[in-house]
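Here the structure is laid out as structure tokens; the discussion comes afterwards.
Residue numbers (our numbering): 390 to 441.
Quick look at the structure:
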């Protein structure tokens with residue numbers, strides 16, 4: 390997986406992305422079933438960027 394803000398990753402392995410309003414990736418996952426840690430990171434990113 391590419392580092393946040395780096396457009397040079399292999400997107401074919403990604404199964405989920407959360408894109409910030411400014412176009413950067415706030416969260417990415419390559420797992421077909423994200424584990425609790427990955428879901429917690431998604432929740433944190435969503436809360437930060439979208440106030441969810």
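Where is the CB? At the ideal position from N, CA and C, for every residue including glycine.
For this session: Using only alpha-carbon positions, find the residue among 410, 428, 412 that is nearest to residue 418.
Result: One-based indexing of the chain shown puts residue 418 at position 29. Looking at the Cα atoms, 428 is the closest of the given residues.
Exercise. Considering only the beta carbon of each residue, do residue 406 and residue 435 sit closer than 9 Å?
Worked result: Numbered from its first residue, the chain shown carries residue 406 at position 17. Numbered from its first residue, the chain shown carries residue 435 at position 46. Cβ distance not < 9 Å, so residue 406 and residue 435 don't count as in contact.
Problem set entry | Counted within 10 angstroms of its Cβ, other Cβ atoms place residue 392 as buried (16 or more) or exposed | The count along the chain shown starts at 1 and reaches residue 392 at position 3. Confidence at residue 392 is low in this model, with a pLDDT of 49, below 50, so the placement of that residue should be treated as unreliable; the coordinate-derived value is given next. Exposed is the call here.
Exercise. If you draw a straight line from the alpha carbon of residue 412 to that of residue 438, how long is it in whole angstroms?
Worked result: In the chain shown, the residue the question calls residue 412 occupies position 23. In the chain shown, the residue the question calls residue 438 occupies position 49. One C-alpha to the other measures close to 12 Å.
Problem set entry | Segment limits, alpha helix (DSSP H) that includes residue 431 | Taking the first residue of the chain shown as position 1, residue 431 is located at position 42. According to the DSSP assignment, residue 431 belongs to the alpha helix (DSSP H) that extends over 425-439.
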